[in-house]
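J.: Sequences listed follow chains D and R, in order. Numbered according to our numbering, the first sequence spans residues 4 to 672. Numbered according to our numbering, the second sequence spans residues 1214 to 1538. Glycine residues also receive a C-beta, built at the ideal position from the N, C-alpha and C atoms. Small disclaimer: the values here were computed from a predicted structure and weren't measured. Sharing a structure, written as structure tokens. Questions coming.
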Amino acid sequence: MTATVQETERPEKGTAVEQAAPVKRVREVDRSMMVAAIFVVWVVLFLVLRGRQTLALAAADLTDLHRWFNDANDSIGANRNSNPLFLYFFNEVRLVIDSLVTFVQELISQPSADRPVPQIGWLGVVGIAGCVSWAVGNGRVALLAVAGFTFLGLQGLWQESMDTLALTLSAVFVALLFAIPLGVWAGLSDRFNRIITPFLDFMQTMPTFVYLAPLTLFFLIGPASATIATLIYSAPPAIRITAHAIRSVPQTTVEAADSLGATRRQTLTKVLLPMSKRTVVMGVNQTIMAALAMVTIAALIDAPGLGKTVIQALQTLDVGVAFNAGLAIVVMAIVLDRVTTAASAREEAARRSKNRFLSRRRPLLAAGAVVTAVLVYLSHTYLWAAEFPGEGGTGDAVSSTADSVTTWVQDNLSGISNAFRDAITNGLLNPFQALLTDSPWWLVGAALIGLGVVLGGWRAGVTTAVCVALLLGTGVWSDSMTTLASTLVATVLVMLLGVVIGVWMGRSALVDRLLRPSLDAAQVMPPFVYLVPFLALFGATRFTAIVAAVVYAAPVAMKIIADGVRNVPATTVEAATSAGCSTWQIITKVQLPMARGALTLATNQGLIYVLSMVVVGGLVGAGALGYDVVAGFSQGQLYGKGLAAGLAIVLLGVMFDRITQAAARRTSA
Amino acid sequence: MARQARQWRVGAAGIAVLGLTLTACGGAKVGDSSSEAGGSGSTGKCGTFNLAVNPWVGYEANAAVIAYVAEKDLGCKVTKKNLKEEIAWQGFGTGEVDAVVENWGHDDLKKKYITDQKTAVDAGPTGNEGLIGWYVPPWLVKAHPDILDWHNLNKYAAEFKTSESGGKGQLLDGDPSFVTNDEALVKNLTLDYKVVYAGSETALIQAFRKAEKNKEWVIGYFYEPQWFMSEVPLEKVELPDYKEGCDTDTEKVACDYPVYKLDKIVSAKFAGSGSPAYDLVKNFNWTNDDQNAVAKYIAEDKMTAEAAAKKWVEANRDKVDAWLQ
């Protein structure tokens, strides 16, 4: 079916497809046979050798490596005041970042020296938000920005929101200052790209809890530490996407510039940067989203803002108040996301129809700027425009609604939910976990390496072998295998949901538009806000942890798959329809196979996102690596073990990433 | 068409600006004396007092009352810093934290910061006694009173089975901030239980709350004073009595947890600064009931920390005055 459709669609490629298809199919059959063979051998050996050499380590036990990490951490703490690195480097960095954040805070959120209110009050900020959104985006997002920011005030969270905004903007600003040049470099140089990629993986998958305490040792408690923690997590997407953007500029364009005698510098500033601007803005967008995901964690080291409200509310399990604050984060994220997305779309549009566009916008923008200036002046001078009026009645309404919904869910759904939990746990999770944790370590290691080679090729196999060896070295092998089992089960559920909802979204623009805000919400809502009701439904179990991971990771998979399905040429689908295919056939025979690249990317990202929830899982009953990390953050003597567990999570992430990427390259090749 | 729209929009904007400017003239100006918040800038000789606030409600109650008294009676400028314990202790050395006002044991931190680095000093007990142990929901005690004796735990092990406990009874552990000997205890008391790590106080509280409501079997690690006790009064299971030194070898522990005398820790610099806030912290002392009252105002009555402190201080002026002697 596929072949004929492709033939009608692209006759010039038809022959190539026909030739390639049989060879490929044979290879695929081969591969799945080998995967099956590996599993059969594994299961047989597991049944024979069960429970031997499993390298289990009790919760309070440490290895030498863990103790060494502890000692290293202690000695840094003890020498902090005499070490020149601290005196002349870290302290300077801290001073610069502290003053940047304090400056932004005094501008919009905190009272400054001689004023009881910030320099710019709510009216001014709303005005600026509207005007900037209009200038970089369009009128629609400007309206959204104004409405969104006003809503933050109505929720009774104006000052908290502005604190969060100040911190996020500062972190994003500093992150981009480094990320864009590094991204350009990585885009230009393969060598640098290869060097920096592991660091980026590390920054994105190393749980924040592991470096939060050391950070406060380096940069002290305060805005600097919070900003740097945020920056570490949020810079990598900008670097990666910038590099990708530079690489995606067509080779012919660059060659044309070269042949016209452009210097390297000219090629960069006149060709590469302008042509990749749109994608770079998407990188900025991802950085902002990642920074907002750090809001609650940063609150653990006294970062001001909405995170603090969430954490304080959760101490007393006050879901309503926590949800209200979480909603403010979501609103801010949606506004910033839509504005940056519109900005990147405008880059494209502006490039196409430059002159007409500008001539019409300019006077309007000037008028807008004047209005904004007046609003800023008013909010600087008059109290009513400086402090948001009202008591936050909307916020109270949101809180009490969230409370009653939570109570209803807890009271009415717990019977169904327990059956579902037990089915997944006993049917899927337990056997799989037993296979991983009760097999001897060498057997699991060999199986993983074998799968790496079969699915990803020799290079992926070598990476897997290195990761397995390092995992052994961390001393938390057994916990890693427990986490691995839950992670894989969660990824399977993510992909199931991702395919179903993603295809639905990809096929209907209306569904897409309706669902997208909830997907955004699921990605930036602090997990504990929705975990409290889940805990009531499923108890403190591995299943609750899996649900948390699915809620966070499924939106990414859905978005990628929807995008992939939408990119299948409309003509292909039409051809299939006119050939008499049913909807089911179109989905399974045309759209999904042609979106295979998107499917593998979704698997890859789904896995990485699931892994980034391991620590949250540890907080709701997953145990294993997540709990090790959390306990290491909370108890001094377990610090080293927590660090080792964090490293293990990174290693799992790198291993999966390399295997799935290599597999993706093979399927698309 | 476009021209018209433009003119219209510019006109509208102009009117809006004019309107706003005109209405604005009636409002109060920033900096008017009437609008300023009571001139809280008076610091006196106390200066700034950096108070760590660890993330649990009992601690918040201590901190709220101390901060309230320091501000109102001593004229200090109190900066509350929301921090986890480890990070708060680290702050003693870097000079960013002056006091931790509810400390549970933490012998390792005491050794590191008080004995070795000498950046912190002990500021005496808070008067609160901390209990740690295994707790069960009240309905279970009513239905099976003998469950409060550990000897009977094996009898009920099968009832405590869950999807996580691998065929044994589940002992729900795991606020990661607390030291636990439970794995050793289970082994050394030959109990047919498996320790399952819930991972957070939130998870533990939800488990107990649900257990009491739906009459489910849950036994878990918990502690008091705790605000949740006034919602669901959990009962403590009797383990073999604690005797001095019975928990030194963590592998061989077979006894209950000791009663923790909760105490206050301050930075060495703060202790030597002669700040009246230090004397306040040192003299601060109250009972579990006092803390529970303030914790209840915060957790159940949803009062702000400051309002809760105000309510308690006004009702207990004599106790506060004793701290200020």
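1) My understanding is that D/Arg630 touches R/Gly1387, with C-beta atoms under 8 Å, so please give their C-beta distance in whole angstroms.
2) With C-beta atoms as the reference, is D/Tyr653 less than 7 Å away from D/Thr208?
3) Under 8 Å: do the segment 317-324 of chain D and the segment 525-537 of chain D share three or more Cβ pairs, one atom per stretch?
4) Would you identify the three-state DSSP class for D/Val593, choosing helix, strand or coil?
5) In chain R, which residues lie with their C-beta within 7 Å of the C-beta of D/Val633?
6) Alpha carbon to alpha carbon, what distance is there between R/Asp1362 and R/Lys1324?
7) In the segment 314-343 of chain D, which residues sit with their C-beta less than 9 Å from some C-beta in chain R, listed in chain order?
8) For R/His1364, count neighbouring C-beta atoms within 10 Å of its own C-beta (all shown protein chains included) and say buried if the count is 16 or more, exposed if not.
9) Below 7 Å CB to CB, which residues in the same chain sit around D/Val120 once its five sequence neighbours on both sides are set aside?
10) Using a beta-carbon distance below 7 Å, is R/Asn1367 in contact with chain D?
11) Considering Cα atoms alone, identify which of D/Gly464, D/Phe93, D/Asp523 and D/Val38 is closest to D/Phe222.
12) Can you tell me whether D/Lys16 is buried or exposed? The criterion is at least 16 other CB atoms within 10 Å of its CB, across all chains shown.
13) I'd like to know whether the C-beta of D/Val623 is nearer than 7 Å to at least one C-beta of chain R.
14) Just reading off the beta strand (DSSP E) that R/Pro1338 is part of, what are its end residues?
15) Helix, strand or coil, according to DSSP, for R/Phe1435 in the structure here?
16) Measuring CA to CA, which of D/Leu655, D/Leu58 and D/Asp566 is closest to D/Thr603?
17) For R/Asp1476, which beta-bridge partners are listed by DSSP?
18) Under the rule that 16 or more other beta-carbon atoms within 10 Å means buried, what is D/Trp411, buried or exposed?
19) Can you find a CB in chain R that lies within less than 7 Å of the CB of D/Ile589?
20) What residues in the segment 1312-1331 of chain R bring their beta carbon closer than 7 Å to a beta carbon of chain D?
21) Closer than 8 Å by beta-carbon distance: list the chain R residues that pair up with D/Val535, in chain order.
22) Scan the segment 295-306 of chain D for residues whose Cβ lies nearer than 7 Å to a Cβ of chain R and list them as they occur along the chain.
23) Listing by chain order, which chain D residues have their CB less than 8 Å from the CB of R/Ile1511?
24) Could you confirm whether any beta carbon from chain D is found closer than 7 Å to the beta carbon of R/Gln1303?
25) Taking D/Leu491 as the reference, which of D/Tyr612, D/Ala400, D/Arg519 and D/Pro392 has the closest Cα?
26) So if DSSP puts R/Ala1265 in a beta bridge, which residue, or which two residues, is it bridged to?
27) Using 10 angstroms around the beta-carbon of D/Trp587, count the other beta-carbons present and answer buried if the total reaches 16, otherwise exposed.
28) Report the neighbours of D/Gln640 on chain R: residues whose CB is nearer than 7 Å to its CB, in chain order.
29) R/Lys1407 and R/Ser1378 - do their beta-carbons sit closer together than 7 Å?
30) Which residue's Cα is closest to the Cα of D/Asn82: R/Trp1269, R/Phe1262 and R/Gln1330?
31) Given that a residue counts as buried once 16 or more other Cβ atoms are within 10 Å of its Cβ, and exposed if not, what is R/Glu1315?
32) Can you tell me where the alpha helix (DSSP H) holding D/Tyr214 begins and where it ends?
33) How about R/Ser1378: is its C-beta nearer than 7 Å to some C-beta of chain D?
34) Is R/Thr1307 close to chain D, meaning its C-beta is less than 7 Å from at least one C-beta of that chain?
35) Do D/Gln158 and D/Phe327 count as a contact pair if the criterion is CB distance below 7 Å?
36) I want to see whether chain R comes within less than 7 Å of D/Ile123, judged by CB atoms only; does it?
T.: Let me lay it out:
1) Here residue 630 of chain D is Tyr; the residue named in the question, Arg, does not match the sequence. Confirmed, about 7 Å.
2) Residue identity differs from the one stated: residue 653 of chain D is Val in this sequence, not Tyr. Taking 7 Å as the cut-off, the Cβ atoms of D/Val653 and D/Thr208 count as close.
3) Yes: at least three Cβ pairs fall under 8 Å.
4) It is helical.
5) Near D/Val633 (Cβ distances below 7 Å), the residues of chain R are Pro1389 and Gly1412.
6) Answer to the nearest angstrom: the Cα atoms are 35 Å apart.
7) Under the 9 Å Cβ criterion, the segment 314-343 of chain D contributes Ile314, Gln315, Leu317, Gln318, Thr319, Leu320, Asp321 and Val324.
8) Flag for R/His1364 reads exposed.
9) Answer for D/Val120: Pro114, Ala389 and Glu390, listed in chain order.
10) No - not a single Cβ of chain D is within 7 Å of the one on R/Asn1367.
11) Comparing Cα positions, the closest option is D/Phe93.
12) Because the pLDDT of D/Lys16 is 39, which lies under 50, any placement of that residue in the model is unreliable, and the number read from its coordinates should be weighed accordingly. Label assigned to D/Lys16: exposed.
13) It does: the Cβ of D/Val623 has a partner Cβ on chain R nearer than 7 Å.
14) Going by DSSP, R/Pro1338 is part of the beta strand (DSSP E) stretching over Ala1333 to Val1349.
15) Correct three-state label for R/Phe1435: strand.
16) For D/Thr603, the closest C-alpha among the options D/Leu655, D/Leu58 and D/Asp566 is that of D/Asp566.
17) R/Asn1316 and R/Pro1338, per the DSSP bridge assignment.
18) It counts as exposed.
19) Not one chain R Cβ lies under 7 Å of D/Ile589.
20) Cβ contacts with chain D: Asp1321, Leu1322, Lys1325 and Gln1330.
21) Per Cβ cutoff of 8 Å: Thr1415 and Gln1419.
22) If the cut-off is 7 Å between Cβ atoms, the segment 295-306 of chain D has Ala302, Leu303, Ile304 and Asp305 near chain R.
23) What R/Ile1511 touches in chain D: Thr319.
24) Answer yes: the Cβ-Cβ gap between R/Gln1303 and chain D drops below 7 Å somewhere.
25) Taking the Cα of D/Leu491 as reference, the smallest distance to any Cα among D/Tyr612, D/Ala400, D/Arg519 and D/Pro392 is reached at D/Tyr612.
26) Beta-bridge annotation (DSSP): R/Ala1265 is paired with R/Lys1294.
27) By the 10 Å Cβ count, D/Trp587 comes out exposed.
28) Close partners of D/Gln640 in chain R (Cβ separation under 7 Å): Asp1321.
29) With contacts defined by Cβ atoms closer than 7 Å, R/Ser1378 and R/Lys1407 form a contacting pair.
30) When each option's Cα is compared against that of D/Asn82, the closest is R/Gln1330.
31) Classification for R/Glu1315: buried.
32) Annotation: the continuous alpha helix (DSSP H) that includes D/Tyr214 extends over Thr211 to Phe222.
33) So, not an interface residue.
34) Yes, contact with chain D.
35) It is worth fixing the name first, because residue 327 of chain D is Asn in this sequence and not Phe. Contact: yes.
36) So no, D/Ile123 is outside the interface.
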